[in-house]
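Undergrad:
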Amino acid sequence: MIFDVVVEIPAGSRNKYEINHDTHEVRLDRMLFTATRFPHDYGFVKNTLSNDGDPLDALIMLDEPTFPGCVVSCRVIGMFRMTDEKGGDDKLLCVAAGDIRKNNLKDLSDVPSYELDEIKHFFEVYKTLEPGKEVHGGDWVGHDAAELEIQASYARYKETN
Numbered sequence: 005m006i007f008d009v010v011v012e013i014p015a016g017s018r019n020k021y022e023i024n025h026d027t028h029e030v031r032l033d034r035m036l037f038t039a040t041r042f043p044h045d046y047g048f049v050k051n052t053l054s055n056d057g058d059p060l061d062a063l064i065m066l067d068e069p070t071f072p073g074c075v076v077s078c079r080v081i082g083m084f085r086m087t088d089e090k091g092g093d094d095k096l097l098c099v100a101a102g103d104i105r106k107n108n109l110k111d112l113s114d115v116p117s118y119e120l121d122e123i124k125h126f127f128e129v130y131k132t133l134e135p136g137k138e139v140h141g142g143d144w145v146g147h148d149a150a151e152l153e154i155q156a157s158y159a160r161y162k163e164t165n
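Here the sequence shown stands for residues 5 to 165, numbered as in the numbering used here.
Spelled out as structure tokens, the structure:
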């Protein structure tokens, strides 16, 4: 399955950008309160609705950061299941569909365990110092479970639009 991800935050940034889904404006929402930085480009899957009422979140493993608003055709490797102050807040782990250097990455078992640990750590601590925000760490699920969540998110979006 190939799908489009709209990048909101480039890898290495502490700036938390949000794209307004009606006006398409990119707004600086806040800077991360911790010293952590986004480990990969971060955005959302177009035309989806996650359990938290927002589009489904995604990290894209790219060799170079892109920019807010960039659309990347992706395929999923797995998903990090976590919760925050609003409830379920799953994060897809993706690669660019056209990147032949990442053809060997098909499921979580193909990603170095240390890299998965780094991403998990980021999501467990990136909101730690923000008043009123909380994160409860979760765990990784593989490609098949991630694809099921993508399909469910597309269906939720269609039901509400």
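Note that beta-carbon positions come from the ideal geometry of N, C-alpha and C, so glycine has one too.
Just so it is clear, the structure is predicted and the values come from calculations on it, not from any experiment.
Assuming Gly47 contacts Val10 (C-beta within less than 8 Å), just tell me the rounded distance between them.
TA: Indeed they touch by this definition, with Cβ atoms about 5 Å apart.
Undergrad: Along the chain, where does the beta strand (DSSP E) containing Val11 start, and where does it finish?
TA: Here the beta strand (DSSP E) through Val11 covers Phe7 to Ile13.
Undergrad: So, with DSSP's three-state summary, where would you put Leu96?
TA: Leu96: strand per DSSP, three-state reduction.
Undergrad: Closer than 7 Å by C-beta to Leu120: which residues in its own chain qualify, once you throw out the five before and the five after it? Chain order, please.
TA: These residues qualify, in order along the chain: Leu112 and Trp144.
Undergrad: Which residues bound the alpha helix (DSSP H) around His125?
TA: It spans Ser117 to Val129 - the alpha helix (DSSP H) in which His125 sits, taken as one unbroken run.
Undergrad: In chain order, what residues of the same chain have a beta carbon less than 8 Å from the beta carbon of Asp8, not counting five sequence neighbours either side?
TA: The answer, listed in chain order, is Val49, Lys50, Val75, Val76, Ser77 and Cys78.
Undergrad: In angstroms with no decimal places, state the Cα-to-Cα distance between Ser157 and Thr52.
TA: Answer to the nearest angstrom: the Cα atoms are 5 Å apart.
Undergrad: Determine the contact status of Leu109 and Ala150, defining contact as a CB-CB distance below 8 Å.
TA: Going by C-beta atoms, Leu109 is not nearer than 8 Å to Ala150.
Undergrad: Based on the DSSP output, what are the partners of Leu32 in its beta bridges?
TA: Tyr21.
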